[in-house]
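Q:
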Amino acid sequence: MAIAVVHLESGLATLASVGNIRMVLSAASKDYRFGAARGIVGGGYARLSTEHISLVPGDVLAIFSDGLSEFTDLRTALAASPDISDLHTANLLRLWANRKDDAALLLYRHASLSTEKPTPVCNPTL
1 MAIAVVHLES GLATLASVGN IRMVLSAASK DYRFGAARGI VGGGYARLST
51 EHISLVPGDV LAIFSDGLSE FTDLRTALAA SPDISDLHTA NLLRLWANRK
101 DDAALLLYRH ASLSTEKPTP VCNPTL
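Per UniProt numbering, residue 1 is the first one in the sequence shown, and the count goes up by one each step.
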């Protein structure tokens with residue numbers, strides 16, 4: 001389970017997750033991987049902690065299940081096609097999913113409120 005709260009005006013995001021969820025921020029200069037608390041949703045966990053990041057327009061936050069490799073090359077996929085529409089996200093999910101596990105992928109591109117609205121995209125498990 002994961003949660004990301006983004007303050008749209010300031011770009012400040014608060015992230016937390018437990019279990020088999022990964023979070024990666026693809027920023028202009030590099031990718032950042034965020035930790036997850038060890039544990040099982042519904043079965044307990046040692047300690048849940050939050051992480052805070054500042055997003056700038058164009059940053060992409062990916063939240064995905066362990067049905068996708070945590071070493072998925074998000075940066076290359078976004079460079080090849082910067083679109084994060086439902087169709088593009090579904091295609092990435094098909095390409096990257098482990099066929100022996102459930103897989104989920106959510107992509108969020110941060111946008112400036114002054115020029116455009118943010119584009120959250122959510123695709124349920126295939």
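We put the CB at the ideal spot given by N, CA and C, even for glycine.
Can you give, in chain order, each stretch of the alpha helix (DSSP H) that sits fully within the stretch 34 to 102 and has at least 4 residues?
A: 74 to 80 and 86 to 96
Q: For the structure I just gave you, are there three or more beta carbon pairs, one from the stretch 77 to 90 and one from the stretch 28 to 37, closer than 8 Å?
A: no
Q: Does DSSP classify I105 as helix, strand or coil?
A: Before going on, a small fix: residue 105 reads as Leu here, not Ile. In this structure, L105 counts as strand in the three-state DSSP scheme.
Q: Rounding to the nearest angstrom, what Cα-Cα distance links D66 and S10 in this structure?
A: 30 Å
Q: How long is the line joining the alpha carbons of I21 and A111, rounded to whole angstroms?
A: For I21 and A111, the distance between alpha carbons rounds to 24 Å.
Q: Rounded to a whole number of angstroms, what is the C-alpha to C-alpha distance between A73 and L25?
A: Checking the sequence shown, residue 73 turns out to be Asp, not Ala. Cα to Cα, D73 sits roughly 12 Å from L25.
Q: Helix, strand or coil, according to DSSP, for L8 in the structure here?
A: coil
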